[in-house]
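Every number in this note's numbering is 180 more than the matching position in the sequence shown, counting from 1. Take a look at the structure set out below.
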Amino acid sequence: MGHRRHPWGTLLLLLPLLPAAQSPAADTSKLTLELERLEQRIAEERKSWFEFKLQAKSEAERAELNAAFPRDEFVAELIALARQGKATDVAARAWIDVLRISGWVEDRELHSRAVECLLAEHVTSPHMGTLISMLLYGAPAWAAPVAADALRKIMAANSDAGMRQECLAELALLLGTEATFGEAGRTEAEALLRRIEAEFGDTDFNAMTGRQFAAGARNESEHLRVGQVAPDFEVNDQDGLRFKLSDYRGRVVLLDFWGFV
(Lines of atoms letter the chains of each structure in order from A and count residues from 1; the text may use other names and numbers.)
(Lines give C-alpha, C1' and ligand atoms only; values in the text may rest on other atoms or scores of the structure.)
Protein backbone atom coordinates (compact mmCIF):
# COMPACT_ATOMS: atom_id res chain seq x y z
CA MET A 1 0.00 0.00 0.00
CA GLY A 2 1.39 3.35 -0.90
CA HIS A 3 1.94 5.97 1.76
CA ARG A 4 -0.99 8.44 1.96
CA ARG A 5 0.16 12.04 2.22
CA HIS A 6 -1.42 13.92 5.13
CA PRO A 7 -3.10 17.25 4.29
CA TRP A 8 -1.76 19.06 7.38
CA GLY A 9 1.30 20.27 5.56
CA THR A 10 -0.90 21.89 2.97
CA LEU A 11 -3.07 23.41 5.68
CA LEU A 12 -0.05 24.83 7.44
CA LEU A 13 1.02 26.45 4.23
CA LEU A 14 -2.44 27.95 3.74
CA LEU A 15 -2.92 29.23 7.27
CA PRO A 16 -0.59 32.21 6.88
CA LEU A 17 -2.65 33.25 3.86
CA LEU A 18 -5.96 33.39 5.73
CA PRO A 19 -5.39 36.75 7.43
CA ALA A 20 -4.58 38.25 4.04
CA ALA A 21 -7.78 36.82 2.57
CA GLN A 22 -9.77 38.33 5.43
CA SER A 23 -7.90 41.63 5.51
CA PRO A 24 -10.34 43.83 3.51
CA ALA A 25 -13.13 43.43 6.08
CA ALA A 26 -10.70 43.62 8.97
CA ASP A 27 -9.00 46.68 7.54
CA THR A 28 -12.35 48.40 6.94
CA SER A 29 -13.38 47.71 10.51
CA LYS A 30 -10.11 49.13 11.78
CA LEU A 31 -10.41 52.20 9.56
CA THR A 32 -13.99 52.76 10.72
CA LEU A 33 -12.82 52.77 14.33
CA GLU A 34 -9.98 55.17 13.49
CA LEU A 35 -12.41 57.48 11.70
CA GLU A 36 -14.84 57.48 14.62
CA ARG A 37 -12.04 58.40 17.02
CA LEU A 38 -10.87 61.17 14.72
CA GLU A 39 -14.41 62.51 14.33
CA GLN A 40 -14.69 62.64 18.12
CA ARG A 41 -11.48 64.68 18.35
CA ILE A 42 -12.73 67.03 15.65
CA ALA A 43 -16.07 67.49 17.41
CA GLU A 44 -14.36 68.30 20.71
CA GLU A 45 -12.01 70.79 19.06
CA ARG A 46 -14.86 72.49 17.19
CA LYS A 47 -17.01 72.92 20.28
CA SER A 48 -14.75 75.41 22.05
CA TRP A 49 -13.51 76.95 18.80
CA PHE A 50 -17.04 77.62 17.54
CA GLU A 51 -18.00 79.34 20.80
CA PHE A 52 -15.21 81.86 20.20
CA LYS A 53 -16.23 82.27 16.55
CA LEU A 54 -19.79 83.13 17.52
CA GLN A 55 -18.41 85.97 19.62
CA ALA A 56 -16.28 87.41 16.80
CA LYS A 57 -17.20 91.03 16.15
CA SER A 58 -15.42 91.62 12.84
CA GLU A 59 -14.36 89.86 9.67
CA ALA A 60 -10.75 90.16 10.83
CA GLU A 61 -11.56 88.25 14.01
CA ARG A 62 -13.43 85.60 12.03
CA ALA A 63 -10.48 85.20 9.67
CA GLU A 64 -8.08 84.89 12.59
CA LEU A 65 -10.22 82.18 14.20
CA ASN A 66 -10.56 80.33 10.90
CA ALA A 67 -6.79 80.28 10.61
CA ALA A 68 -6.45 79.08 14.21
CA PHE A 69 -8.56 75.96 13.69
CA PRO A 70 -6.20 72.95 13.22
CA ARG A 71 -7.61 72.15 9.80
CA ASP A 72 -4.32 70.99 8.29
CA GLU A 73 -3.85 68.35 10.98
CA PHE A 74 -7.40 67.02 10.77
CA VAL A 75 -7.70 67.19 6.99
CA ALA A 76 -4.40 65.34 6.52
CA GLU A 77 -5.60 62.52 8.79
CA LEU A 78 -8.99 62.35 7.07
CA ILE A 79 -7.46 62.21 3.59
CA ALA A 80 -5.03 59.51 4.72
CA LEU A 81 -7.97 57.41 5.93
CA ALA A 82 -9.84 58.06 2.68
CA ARG A 83 -6.86 56.83 0.68
CA GLN A 84 -6.43 53.73 2.82
CA GLY A 85 -10.12 52.91 2.46
CA LYS A 86 -10.45 54.03 -1.14
CA ALA A 87 -13.91 53.39 -2.63
CA THR A 88 -15.33 52.29 0.75
CA ASP A 89 -17.90 53.82 3.07
CA VAL A 90 -15.04 54.98 5.29
CA ALA A 91 -13.56 57.02 2.45
CA ALA A 92 -16.91 58.65 1.66
CA ARG A 93 -17.41 59.57 5.30
CA ALA A 94 -13.89 60.97 5.54
CA TRP A 95 -14.42 63.23 2.53
CA ILE A 96 -17.78 64.36 3.95
CA ASP A 97 -15.88 65.36 7.10
CA VAL A 98 -13.34 67.27 5.01
CA LEU A 99 -16.21 69.10 3.31
CA ARG A 100 -17.72 69.92 6.69
CA ILE A 101 -14.43 71.41 7.92
CA SER A 102 -14.09 73.47 4.73
CA GLY A 103 -17.43 75.09 5.53
CA TRP A 104 -16.48 75.84 9.12
CA VAL A 105 -13.27 77.63 8.13
CA GLU A 106 -14.65 79.04 4.84
CA ASP A 107 -11.98 77.40 2.69
CA ARG A 108 -13.23 77.44 -0.92
CA GLU A 109 -10.33 75.45 -2.36
CA LEU A 110 -10.74 72.67 0.19
CA HIS A 111 -14.50 72.73 -0.34
CA SER A 112 -14.11 72.20 -4.10
CA ARG A 113 -11.53 69.46 -3.61
CA ALA A 114 -13.77 67.50 -1.23
CA VAL A 115 -16.76 67.74 -3.57
CA GLU A 116 -14.67 66.68 -6.57
CA CYS A 117 -13.38 63.59 -4.74
CA LEU A 118 -16.84 62.61 -3.55
CA LEU A 119 -18.25 62.91 -7.06
CA ALA A 120 -15.32 61.09 -8.65
CA GLU A 121 -15.26 58.12 -6.25
CA HIS A 122 -18.65 57.96 -4.51
CA VAL A 123 -21.25 59.44 -6.88
CA THR A 124 -23.61 56.46 -6.46
CA SER A 125 -23.06 56.19 -2.71
CA PRO A 126 -25.92 56.73 -0.23
CA HIS A 127 -23.76 59.56 1.13
CA MET A 128 -24.80 61.68 -1.87
CA GLY A 129 -27.94 62.58 0.07
CA THR A 130 -25.75 64.06 2.80
CA LEU A 131 -23.64 65.86 0.21
CA ILE A 132 -26.71 67.44 -1.38
CA SER A 133 -27.96 68.69 1.99
CA MET A 134 -24.58 70.16 2.89
CA LEU A 135 -24.28 71.94 -0.45
CA LEU A 136 -27.76 73.46 -0.34
CA TYR A 137 -28.79 74.18 3.24
CA GLY A 138 -26.88 76.78 5.21
CA ALA A 139 -24.19 76.88 2.53
CA PRO A 140 -22.54 80.18 1.51
CA ALA A 141 -23.59 81.82 -1.76
CA TRP A 142 -20.18 81.14 -3.32
CA ALA A 143 -20.91 77.40 -3.11
CA ALA A 144 -23.97 77.62 -5.40
CA PRO A 145 -22.13 76.88 -8.70
CA VAL A 146 -20.42 73.88 -7.08
CA ALA A 147 -23.80 72.65 -5.85
CA ALA A 148 -25.42 72.98 -9.28
CA ASP A 149 -22.58 71.06 -10.94
CA ALA A 150 -22.79 68.34 -8.27
CA LEU A 151 -26.55 67.94 -8.71
CA ARG A 152 -26.15 67.50 -12.47
CA LYS A 153 -23.43 64.86 -12.03
CA ILE A 154 -25.28 62.92 -9.33
CA MET A 155 -28.46 62.92 -11.41
CA ALA A 156 -26.59 61.69 -14.50
CA ALA A 157 -24.74 58.91 -12.67
CA ASN A 158 -27.56 57.50 -10.54
CA SER A 159 -30.21 55.02 -11.62
CA ASP A 160 -32.12 55.37 -8.34
CA ALA A 161 -35.40 57.13 -9.13
CA GLY A 162 -35.65 58.82 -5.75
CA MET A 163 -32.16 60.28 -5.97
CA ARG A 164 -32.75 61.50 -9.52
CA GLN A 165 -36.00 63.19 -8.47
CA GLU A 166 -34.29 64.88 -5.53
CA CYS A 167 -31.51 66.21 -7.78
CA LEU A 168 -33.98 67.42 -10.40
CA ALA A 169 -36.12 69.20 -7.80
CA GLU A 170 -33.21 70.81 -5.96
CA LEU A 171 -31.52 71.92 -9.18
CA ALA A 172 -34.69 73.62 -10.39
CA LEU A 173 -35.09 75.45 -7.08
CA LEU A 174 -31.42 76.41 -6.85
CA LEU A 175 -31.21 77.82 -10.37
CA GLY A 176 -34.52 79.61 -10.03
CA THR A 177 -33.89 81.33 -6.71
CA GLU A 178 -30.14 81.84 -6.32
CA ALA A 179 -29.06 85.28 -7.57
CA THR A 180 -25.67 83.90 -8.63
CA PHE A 181 -27.22 82.34 -11.75
CA GLY A 182 -29.17 85.41 -12.87
CA GLU A 183 -31.65 85.32 -15.74
CA ALA A 184 -29.89 82.38 -17.40
CA GLY A 185 -30.43 80.33 -14.26
CA ARG A 186 -34.12 81.19 -14.12
CA THR A 187 -34.49 80.22 -17.78
CA GLU A 188 -32.89 76.84 -17.14
CA ALA A 189 -35.01 76.41 -14.01
CA GLU A 190 -38.18 76.98 -16.02
CA ALA A 191 -37.08 74.35 -18.54
CA LEU A 192 -36.55 71.88 -15.67
CA LEU A 193 -39.98 72.66 -14.21
CA ARG A 194 -41.61 72.02 -17.58
CA ARG A 195 -39.74 68.74 -17.74
CA ILE A 196 -41.08 67.81 -14.30
CA GLU A 197 -44.62 68.67 -15.40
CA ALA A 198 -44.24 66.63 -18.59
CA GLU A 199 -42.61 63.58 -17.01
CA PHE A 200 -44.52 63.41 -13.74
CA GLY A 201 -47.72 65.43 -14.23
CA ASP A 202 -50.22 64.11 -11.69
CA THR A 203 -47.97 61.29 -10.47
CA ASP A 204 -45.85 61.34 -7.32
CA PHE A 205 -42.85 63.66 -7.26
CA ASN A 206 -41.13 64.47 -3.95
CA ALA A 207 -44.24 63.79 -1.82
CA MET A 208 -46.58 65.71 -4.15
CA THR A 209 -47.52 65.62 -7.81
CA GLY A 210 -45.16 66.90 -10.46
CA ARG A 211 -47.57 69.72 -11.34
CA GLN A 212 -47.88 70.80 -7.71
CA PHE A 213 -44.12 70.88 -7.25
CA ALA A 214 -43.60 72.86 -10.46
CA ALA A 215 -46.27 75.39 -9.48
CA GLY A 216 -44.76 75.93 -6.04
CA ALA A 217 -41.20 76.16 -7.34
CA ARG A 218 -42.26 78.56 -10.09
CA ASN A 219 -43.99 80.82 -7.57
CA GLU A 220 -40.86 80.81 -5.39
CA SER A 221 -38.65 81.67 -8.36
CA GLU A 222 -40.90 84.46 -9.60
CA HIS A 223 -41.97 86.06 -6.32
CA LEU A 224 -39.90 84.90 -3.34
CA ARG A 225 -36.28 85.42 -4.35
CA VAL A 226 -34.00 87.32 -2.00
CA GLY A 227 -34.24 91.05 -2.72
CA GLN A 228 -37.79 91.02 -4.03
CA VAL A 229 -40.70 92.81 -2.37
CA ALA A 230 -42.44 90.33 -0.09
CA PRO A 231 -46.02 89.46 -1.11
CA ASP A 232 -48.57 91.18 1.10
CA PHE A 233 -50.84 89.17 3.37
CA GLU A 234 -53.19 89.74 6.30
CA VAL A 235 -53.23 87.39 9.31
CA ASN A 236 -53.65 87.27 13.09
CA ASP A 237 -50.54 87.60 15.23
CA GLN A 238 -49.79 85.59 18.40
CA ASP A 239 -52.10 87.88 20.39
CA GLY A 240 -54.97 87.44 17.96
CA LEU A 241 -54.59 90.93 16.50
CA ARG A 242 -55.11 91.36 12.78
CA PHE A 243 -52.24 92.88 10.80
CA LYS A 244 -51.07 93.30 7.21
CA LEU A 245 -47.44 92.93 6.21
CA SER A 246 -47.69 96.08 4.07
CA ASP A 247 -48.34 98.08 7.27
CA TYR A 248 -44.66 97.55 8.05
CA ARG A 249 -43.28 98.41 4.63
CA GLY A 250 -39.87 100.08 4.94
CA ARG A 251 -39.15 98.55 8.34
CA VAL A 252 -37.14 95.49 9.32
CA VAL A 253 -39.61 92.71 10.18
CA LEU A 254 -39.01 89.22 11.55
CA LEU A 255 -41.84 86.80 10.81
CA ASP A 256 -41.94 83.47 12.62
CA PHE A 257 -44.32 81.01 10.96
CA TRP A 258 -45.21 77.95 12.99
CA GLY A 259 -47.99 75.46 13.43
CA PHE A 260 -48.97 71.87 14.00
CA VAL A 261 -49.98 69.16 11.55
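We put the CB at the ideal spot given by N, CA and C, even for glycine.
Query, Result
"From Pro411, Ile312 and Ser339, residue whose alpha carbon lies closest to that of Ala327", "Ile312"
"Reference Gln345; option with closest CA among Val295, Leu298, Leu373 and Lys266", "Leu373"
"Exposure of Gly381, with buried meaning 16 or more beta-carbon neighbours within 10 Å", "exposed"
"For Val285 and Thr268, the rounded distance between their alpha carbons", "26 Å"
"Helix, strand or coil at Asp436 [DSSP, three-state]", "coil"
"Test item: CB-CB of Leu354 and Met314 under 8 Å", "no"
"contact_flag[the region 382-399, the region 415-434] where n(CB pairs < 8 Å) is 3 or more", "no"
"According to DSSP, residues forming a beta bridge with Phe385", "Met388"
"Start-to-end residues for the beta strand (DSSP E) that takes in Phe423", "Arg422 to Lys424"
"Exposure of Val255, with buried meaning 16 or more beta-carbon neighbours within 10 Å", "buried"
"Range covered by the beta strand (DSSP E) that runs through Val485", "The question about residue 485 has no answer here: the residues shown for the chain are numbered 181 through 441."
"Chain-order list of residues whose beta-carbon lies under 6 Å from that of Leu258 (same chain, five-residue window excluded)", "Ala274, Asp277 and Val278"
"For Met343 and Thr304, the rounded distance between their alpha carbons", "9 Å"
"Collapsed DSSP secondary structure at Pro411 in the structure displayed", "coil"
"Where the alpha helix (DSSP H) containing Pro325 begins and where it ends", "Ala324 to Ala337"
"Secondary structure, alpha helix (DSSP H): runs of 4+ residues fully inside the region 214-279", "239-248 and 251-264"
"Per-residue burial, His403 [other beta carbons within 10 Å of its own, 16 or more giving buried]", "exposed"
"Cβ-based burial, Phe413 [other Cβ within 10 Å; buried from 16]", "exposed"
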